[in-house]
Amino acid sequence: MSEGEDATMPTECGALYRALCECHRRVREPWQREISCRHLNRSLAQCVVSVVCPDESEAVRTLCASAGTSMKRTQCQRAKLALSVCISSHQAPDAP
213 MSEGEDATMP TECGALYRAL CECHRRVREP WQREISCRHL NRSLAQCVVS VVCPDESEAV
273 RTLCASAGTS MKRTQCQRAK LALSVCISSH QAPDAP
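Position 60 of the sequence shown, counting from 1, maps to 272 under the working numbering, and the rest follow consecutively.
This is how it looks when you write it as structure tokens:
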């Protein structure tokens with residue numbers, strides 16, 4: 213992670229980003245860092261996704277919370293697809 217990445221970070225997620233950077237700075241060993249910083253990494257990812265794709269993120273949380281009926285499982289799959297499309301639309305294209 214570099215400081216330049218902070219420019220595209222949603223302000224709502226800034227504190228989590230700084231905490232994750234601090235965790236990476238403190239824990240030098242890669243395998244220990246993965247374990248020690250995992251909760252911050254996951255929380256930051258959830259924060260960014262919920263800010264960038266709020267409706268789709270909420271739909272997945274709501275529809276995929278439990279197994280439910282066949283209809284609910286289908287709705288969950290559709291919600292996941294919509295979230296995936298939303299996330300993809302915000303990713304930078306691959307460089308040639």
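C-beta atoms are modelled at their ideal positions from N, C-alpha and C, and glycine is treated no differently.
Excluding its 5 nearest sequence neighbours in each direction, A294 has C-beta neighbours in its own chain below 6 Å: E268, listed in chain order. Taking a C-beta distance under 9 Å as the contact criterion, V263 and C225 qualify as a contact pair.
The distance from the Cβ of P305 to that of V260 is about 19 Å, inconsistent with a contact at the 8 Å cut-off.
Taking C-alpha positions only, G280 is separated from R254 by approximately 26 Å. Note on geometry: alpha-carbon atoms of M283 and E270 lie some 18 Å from one another. Distance from the CA atom of S301 to the CA atom of Y229, rounded to whole angstroms, is 22 Å. Judged by DSSP in its simplified three-state form, P242 adopts helix. Looking only at A231, S296, V272 and P242, the smallest Cα-Cα distance to L252 is reached by A231.
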